[in-house]
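Using this note's numbering, the letters of the sequence shown map in sequence onto residues 65 to 154. From the three backbone atoms N, C-alpha and C, an ideal C-beta is built for every residue, glycine too.
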Amino acid sequence: GGRLEITGNAGDHLGGPLAGELAGMNGGVLIVRGKAGAFAADRMRRGLIAVLKGSGDHPGSRMIAGTLVVAGGAGEMPGYLMRRGSILLD
């Protein structure tokens with residue numbers, strides 16, 4: 065694990081898998097003080113992602129486990145095809 069704090073906005077696929085990988089973020093804490101793009105926490109395996117000013121569509125899609133917190137509104141279809149884990153929406 066580890067901790068990363070982003071003071072601005074983050075793009076699409078925050079904490080998601082790299083090309084060719086089956087799982088995304090595998091532990092640690094990621095805090096975004098701005099907005100996140102579409103597919104935040106896509107295929108996330110473990111860890112915590114907190115987005116403080118909203119996210120794009122499909123946050124937490126295909127999550128394997130872990131926790132996603134989105135304050136400030138989430139886009140369409142949060143948790144689409146999610147297996148386990150937690151999504152907390154404001």
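Test item: CB-CB of residue i and residue j under 8 Å
i           : j           : result
residue 46  : residue 97  : In the structure as shown, the chain starts at 65 and stops at 154, and residue 46 therefore has no counterpart that could be examined.
residue 134 : residue 119 : yes
residue 87  : residue 81  : yes
residue 130 : residue 101 : no
residue 70  : residue 89  : no
residue 92  : residue 109 : no
For residue i, three-class secondary structure by DSSP
i           : result
residue 114 : strand
residue 129 : coil
Buried or exposed (CB count within 10 angstroms, at least 16 for buried), residue i
i           : result
residue 141 : exposed
residue 145 : exposed
residue 72  : exposed
If you scan the region 72–126 from start to end, which runs of the beta strand (DSSP E) of 3 or more residues do you find wholly inside it? List check, beta strand (DSSP E) in window: 90–96, 110–115.
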